[in-house]
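4 protein chains.
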Amino acid sequence: MPAENAPPPDLLEFLSCELIECGRDFHRRGWSLGTSSNYSAVIGREPLTLLMTGSGFDKGRLQPEQFVVVDEEARSLNAASSKPSAEALLHTVLAKHGAGAVLHTHSVAATVLSEHFLKDGGLRIAGYEMLKGLAGIATHKSEAWIEIYPNTQDIAALATVIDARLQDPANPLRHGFLMAGHGLYTWGEDIAAARRQIEVLEFLFEVVTQKRLLFGSF
Amino acid sequence: MPAENAPPPDLLEFLSCELIECGRDFHRRGWSLGTSSNYSAVIGREPLTLLMTGSGFDKGRLQPEQFVVVDEEARSLNAASSKPSAEALLHTVLAKHGAGAVLHTHSVAATVLSEHFLKDGGLRIAGYEMLKGLAGIATHKSEAWIEIYPNTQDIAALATVIDARLQDPANPLRHGFLMAGHGLYTWGEDIAAARRQIEVLEFLFEVVTQKRLLFGSF
Amino acid sequence: MPAENAPPPDLLEFLSCELIECGRDFHRRGWSLGTSSNYSAVIGREPLTLLMTGSGFDKGRLQPEQFVVVDEEARSLNAASSKPSAEALLHTVLAKHGAGAVLHTHSVAATVLSEHFLKDGGLRIAGYEMLKGLAGIATHKSEAWIEIYPNTQDIAALATVIDARLQDPANPLRHGFLMAGHGLYTWGEDIAAARRQIEVLEFLFEVVTQKRLLFGSF
Amino acid sequence: MPAENAPPPDLLEFLSCELIECGRDFHRRGWSLGTSSNYSAVIGREPLTLLMTGSGFDKGRLQPEQFVVVDEEARSLNAASSKPSAEALLHTVLAKHGAGAVLHTHSVAATVLSEHFLKDGGLRIAGYEMLKGLAGIATHKSEAWIEIYPNTQDIAALATVIDARLQDPANPLRHGFLMAGHGLYTWGEDIAAARRQIEVLEFLFEVVTQKRLLFGSF
Numbered sequence: 005m006p007a008e009n010a011p012p013p014d015l016l017e018f019l020s021c022e023l024i025e026c027g028r029d030f031h032r033r034g035w036s037l038g039t040s041s042n043y044s045a046v047i048g049r050e051p052l053t054l055l056m057t058g059s060g061f062d063k064g065r066l067q068p069e070q071f072v073v074v075d076e077e078a079r080s081l082n083a084a085s086s087k088p089s090a091e092a093l094l095h096t097v098l099a100k101h102g103a104g105a106v107l108h109t110h111s112v113a114a115t116v117l118s119e120h121f122l123k124d125g126g127l128r129i130a131g132y133e134m135l136k137g138l139a140g141i142a143t144h145k146s147e148a149w150i151e152i153y154p155n156t157q158d159i160a161a162l163a164t165v166i167d168a169r170l171q172d173p174a175n176p177l178r179h180g181f182l183m184a185g186h187g188l189y190t191w192g193e194d195i196a197a198a199r200r201q202i203e204v205l206e207f208l209f210e211v212v213t214q215k216r217l218l219f220g221s222f
Numbered sequence: 005m006p007a008e009n010a011p012p013p014d015l016l017e018f019l020s021c022e023l024i025e026c027g028r029d030f031h032r033r034g035w036s037l038g039t040s041s042n043y044s045a046v047i048g049r050e051p052l053t054l055l056m057t058g059s060g061f062d063k064g065r066l067q068p069e070q071f072v073v074v075d076e077e078a079r080s081l082n083a084a085s086s087k088p089s090a091e092a093l094l095h096t097v098l099a100k101h102g103a104g105a106v107l108h109t110h111s112v113a114a115t116v117l118s119e120h121f122l123k124d125g126g127l128r129i130a131g132y133e134m135l136k137g138l139a140g141i142a143t144h145k146s147e148a149w150i151e152i153y154p155n156t157q158d159i160a161a162l163a164t165v166i167d168a169r170l171q172d173p174a175n176p177l178r179h180g181f182l183m184a185g186h187g188l189y190t191w192g193e194d195i196a197a198a199r200r201q202i203e204v205l206e207f208l209f210e211v212v213t214q215k216r217l218l219f220g221s222f
Numbered sequence: 005m006p007a008e009n010a011p012p013p014d015l016l017e018f019l020s021c022e023l024i025e026c027g028r029d030f031h032r033r034g035w036s037l038g039t040s041s042n043y044s045a046v047i048g049r050e051p052l053t054l055l056m057t058g059s060g061f062d063k064g065r066l067q068p069e070q071f072v073v074v075d076e077e078a079r080s081l082n083a084a085s086s087k088p089s090a091e092a093l094l095h096t097v098l099a100k101h102g103a104g105a106v107l108h109t110h111s112v113a114a115t116v117l118s119e120h121f122l123k124d125g126g127l128r129i130a131g132y133e134m135l136k137g138l139a140g141i142a143t144h145k146s147e148a149w150i151e152i153y154p155n156t157q158d159i160a161a162l163a164t165v166i167d168a169r170l171q172d173p174a175n176p177l178r179h180g181f182l183m184a185g186h187g188l189y190t191w192g193e194d195i196a197a198a199r200r201q202i203e204v205l206e207f208l209f210e211v212v213t214q215k216r217l218l219f220g221s222f
Numbered sequence: 005m006p007a008e009n010a011p012p013p014d015l016l017e018f019l020s021c022e023l024i025e026c027g028r029d030f031h032r033r034g035w036s037l038g039t040s041s042n043y044s045a046v047i048g049r050e051p052l053t054l055l056m057t058g059s060g061f062d063k064g065r066l067q068p069e070q071f072v073v074v075d076e077e078a079r080s081l082n083a084a085s086s087k088p089s090a091e092a093l094l095h096t097v098l099a100k101h102g103a104g105a106v107l108h109t110h111s112v113a114a115t116v117l118s119e120h121f122l123k124d125g126g127l128r129i130a131g132y133e134m135l136k137g138l139a140g141i142a143t144h145k146s147e148a149w150i151e152i153y154p155n156t157q158d159i160a161a162l163a164t165v166i167d168a169r170l171q172d173p174a175n176p177l178r179h180g181f182l183m184a185g186h187g188l189y190t191w192g193e194d195i196a197a198a199r200r201q202i203e204v205l206e207f208l209f210e211v212v213t214q215k216r217l218l219f220g221s222f
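Protein chains in written order, with this note's numbering: chain H, 5 to 222; chain L, 5 to 222; chain A, 5 to 222; chain V, 5 to 222.
Below is the structure:
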């Protein structure tokens, strides 16, 4: 990154602290075990740069030097630093369309539900108060449709699909999406908003799971 | 609030510390995820004032400045402060009838059980030792009837219902109540007592859930 | 307590620190919610004195002054102190027969299993490696029979039954016992040993629960 | 150990700190309760020496002095120190074949699944993204076969079997193995890698458990 565009050190420190704290909490909850998951936050928009977790680190105890700065094509701007995650392109496409932070996690509930409901293309969740925690939902008499995509090694192709879905004028992708047998992507205007989204969605995945176990239906 | 009625700073600090600690624990347990939940404690009674969590904050790391002081009509007394929760009227009606603290949480068990048992108007829990942790219960040969109300956006109307139920001479509302698909309200003479109530009720919700999963009946 | 028999302050501090740490961990795990549970440790044996949690305190953040010292009849020896638990007599009878520490907890699994298996008088657990964590078991080709007693308000009567069962020459009570719909009592030669027992038993309760949920049998 | 071969104190301190931290986390998660489990890390290879948890300690709060140094025959090299675990020979056989760290845990899921699937000789897990966290797996279109052995008191005999399986040219033992009704052994090139393996495998055990509970099949 050219020196004249360097982000203020305070901003980088703030963003990495917040993402480290996300990792600590998500690892404790079992949403980011085994070095899985990746998190990012927008540093600046002209040009677009993101701070992102490097590949292969324990999310329960991230260190500041385990982050990378990437450009809008998900290329690392730190010559000697850790490698960005293979899934970095999903982060940058979400950031281009307005996300200030993107959180990707691997919970048991997201893994099992996404595998099962892939055949339906998504999971419908309706009627719960907690839905009001999702951006743009103001009443519990709402429903969220969480789209599910097949898991893939071809992240560039999936990023193109997500890019189109985000711009769909009739019915844009909202709230987050699942990759089948893999996990959840969600986002918000900043890290706190993205964290709220992920807590709401994981809570709702637990609710539909528990309802099915108790009463036999979703 | 007129300066001559200002509560002692030590009291405000004590109450906010205790509610911050509630938030930390309830968030960790998954009872207050996604900025859900609200908590309050009575500061004084002549006139009635409550310290209450502001709307939209992460309950896992509340800050002292994220609380508001409200009067008995749930109006904020801090000119420039955060907005009280939309549900503040439920807190003040409970405080008027003697509660010293009110805790409202959103657990998975409370969400699923309240949705299912709304048709019965409540959930009966009987015969467990843990019932003795509820105010006014002295033997395990007791039962608690936890009333369930439909979820609503019209909090003022629900507050009127709760107000009447608390004063019902034959069978007053006790222990707490559920809003269907939403969560639990409970209260006590102080924060410690309300916390005891919520821990007991959430424990009992887990017990009836587990019993049903294992043995097919409630 | 007469001054000449006063236990060394270091011992009291050590025992209360260890029991405070038990409470912190058990509360976190959901085994001691809502001010339930009580814990004790033997201070001295001539005469028998125990340090025991007072009645009604939050076990997640016990304070040193929330303990009481009791004699072998479970009478408080601290004139002005907190009241011993109603169940103190169960602690003293176990201590008389050799326990150096007694831990009583209220977990969801213990509550549900003890209610269900009361009709059989106990719960048989066999064939698991973790059984070797119980005092006196040296191979996984073992079984533990955890006796279950009806819950009661008459602790003195139950203490008499337990006293007799501990001295049964043919088949003495071992490992711990459950009170139906209430919780677990277990003990060890010291606090660490009692804690090992409780962790092993709660683990095994989770194992039989999970086995039943997955495969339909105990 | 002869003084001329003594490992640098910094290395021993680093390894014990890392294993203490493993214990703290695994105990919290319920994978190492009741003093169960044992962990080791290679100190040096000429001759082979391992730092290993001593027998019978609380894994939630291991102390540096609760480790032993053993040779390739699992004999303690510290005259006056704690006893190595009875299962130390399984650690040394894994270390001889390249493991830099070995982690053995006792989770509820591993206990129940290993008891049930012993009849099949192993547990097949296929199609999940999290599989990519296992050493040598690069795509989710993979499967892991986790072998299950009968539980035994004859660790020397099992160590011989494992030794042969690790050297099987056609189909060597990989990832980890289960002992029925007992727990999981896994390993990696260092402690961080072994920890990644254990988190991945325990996560996958939870996934297959949850899938079976929700949908009736594995």
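A virtual CB, placed ideally from N, CA and C, is assigned to each residue, including glycine.
Practice task
Starting from the C-beta of Gln201(H), find all residues in its chain whose C-beta is less than 8 Å away, skip the five residues before and the five after it, and write them out in chain order.
Solution key: Leu107, Gly137, Leu138, Ala139, His179, Gly180, Thr190, Trp191, Gly192
Exercise for the section: Could you check if Cys21(H) is buried or exposed, using at least 16 other CB atoms within 10 Å of its CB as the buried criterion? Expected result: exposed
Practice task
List the residues of chain A whose Cβ lies closer than 7 Å to the Cβ of Gln157(V), in chain order.
Solution key: Thr143
Practice task
Could you give the DSSP three-state label for Arg32(L): helix, strand or coil?
Solution key: helix
Exercise for the section: Check whether the region 34-51 of chain A touches the region 95-111 of chain A, taking contact to mean three or more Cβ pairs, one atom from each stretch, closer than 8 Å. Expected result: Under the Cβ criterion (8 Å, minimum of three pairs), the region 34-51 of chain A counts as touching the region 95-111 of chain A.
Problem - Beta-carbon contacts of Val72(V) that lie in its chain and below 6 Å, excluding the five residues immediately before and after - result: Met56, Gly58, Ser80, Asn82, Ser85, Ser86, Pro88
Handout entry: 8 Å contact criterion, which Ile152(V) and Val97(V) should meet: CB distance rounded
Key = With a contact defined as Cβ atoms closer than 8 Å, Ile152(V) and Val97(V) miss out at about 18 Å.
Handout entry: Proximity test, Cβ basis, 8 Å: Val97(H) and chain V
Key = no
Practice task
Using alpha carbons as the reference points, say which of Ala114(V), Val212(V), Arg128(V) lies closest to Phe207(A).
Solution key: Ala114(V)
Handout entry: Neighbourhood of Val3(L) by C-beta distance below 8 Å, restricted to the same chain and skipping five residues each side
Key = No information on residue 3(L) is available, as it lies outside the stretch 5 to 222 that chain L covers here.
Practice task
Determine the direct distance from the alpha carbon of Phe61(A) to that of Gln70(A), and round the result to whole angstroms.
Solution key: 7 Å
Practice task
Would you mind working out which of His95(V), Arg65(V), Glu119(V) sits nearest Asn155(V), comparing C-alpha positions?
Solution key: Glu119(V)
Problem - Per-residue contacts from Lys215(A) into chain V (C-beta, under 7 Å) - result: Val116
Handout entry: Euclidean distance between Cα positions of Arg65(H) and Gly27(H)
Key = In a straight line, the C-alpha of Arg65(H) is about 7 Å away from that of Gly27(H).
Exercise for the section: May I have a chain-ordered list of the alpha helix (DSSP H) segments no shorter than 4 residues that lie completely inside the region 96-170 of chain V? Expected result: Entirely contained in the region 96-170 of chain V, the alpha helix (DSSP H) runs reaching 4 residues are, in chain order, 112-121.
Practice task
Hey, could you find the ends of the beta strand (DSSP E) Ala45(V) is sitting in?
Solution key: 42-49
Handout entry: Closest residue to Ala148(L) among Gln67(L), Met134(L), Pro12(L), Leu54(L) (Cα-Cα distance)
Key = Met134(L)
Handout entry: Rounded distance between the beta-carbons of Ala45(V) and Ala105(V), thought under 8 Å
Key = With a contact defined as Cβ atoms closer than 8 Å, Ala105(V) and Ala45(V) qualify at about 4 Å.
Problem - Delimiting residues of the alpha helix (DSSP H) encompassing Thr39(A) - result: Segment: none, Thr39(A) is in no alpha helix (DSSP H) and carries neither H nor E.
Exercise for the section: Determine whether the Cβ of Phe181(H) lies closer than 8 Å to any Cβ atom of chain L. Expected result: no
Handout entry: Beta-carbon spacing of His95(V), Lys63(V) below 8 Å
Key = Result no, Cβ atoms of His95(V) and Lys63(V) do not sit closer than 8 Å.
Problem - Endpoints, the alpha helix (DSSP H) within which Leu217(H) is located - result: Looking at the DSSP string, the run of the alpha helix (DSSP H) that includes Leu217(H) is 195-219.
Handout entry: For Pro6(H), the three-state DSSP class (helix, strand or coil)
Key = The pLDDT assigned to Pro6(H) is 46, lower than 50, so where the model puts this residue is not dependable; a value taken from the coordinates is nonetheless given after this. Annotated three-state conformation of Pro6(H) is coil, per DSSP.
Exercise for the section: State yes or no: is the beta carbon of Phe61(H) nearer than 8 Å to at least one beta carbon in chain L? Expected result: no
Exercise for the section: Output yes if chain V places a C-beta closer than 8 Å to the C-beta of Ser146(H); else output no. Expected result: no
Problem - Beta carbon proximity, Gly192(V) to chain H, threshold 8 Å - result: no
Handout entry: Opposing strand residues paired with Pro88(L) [DSSP bridges]
Key = According to DSSP, residue pairing for Pro88(L) in a beta bridge involves Gly58(L).
Handout entry: Cα-Cα separation between Leu19(L) and Asp172(H), rounded to whole angstroms
Key = 49 Å
Practice task
Using the Cα positions of Ala103(A) and Ala78(A), report the straight-line distance between them to the nearest angstrom.
Solution key: 15 Å
Handout entry: Sequence-distant residues of the same chain with beta carbon closer than 8 Å to Arg216(L), five excluded per side
Key = Phe222
Practice task
Could you tell me which chain V residues have their CB closer than 7 Å to the CB of Thr39(H), listed as they occur along the chain?
Solution key: Gly137, Arg200
Handout entry: Through-space distance from Phe121(A) to Asp124(L), alpha-carbon basis
Key = Going by the C-alpha atoms only, they are around 29 Å apart.
Handout entry: Residue of Ile195(V), Leu52(V), Asp14(V) minimising C-alpha distance to Glu76(V)
Key = Leu52(V)
Exercise for the section: Look at the Cβ atom of Tyr43(A), then the Cβ atom of Leu23(A), and state whether they are nearer than 8 Å. Expected result: Leu23(A) is positioned such that its CB atom lies closer than 8 Å to that of Tyr43(A).
Handout entry: Same chain, Cβ closer than 7 Å to Tyr132(A), five either side skipped, listed in chain order
Key = The beta carbon of Tyr132(A) lies closer than 7 Å to those of His144, Leu208, Val211 in the same chain, with the five residues before and after it left out.
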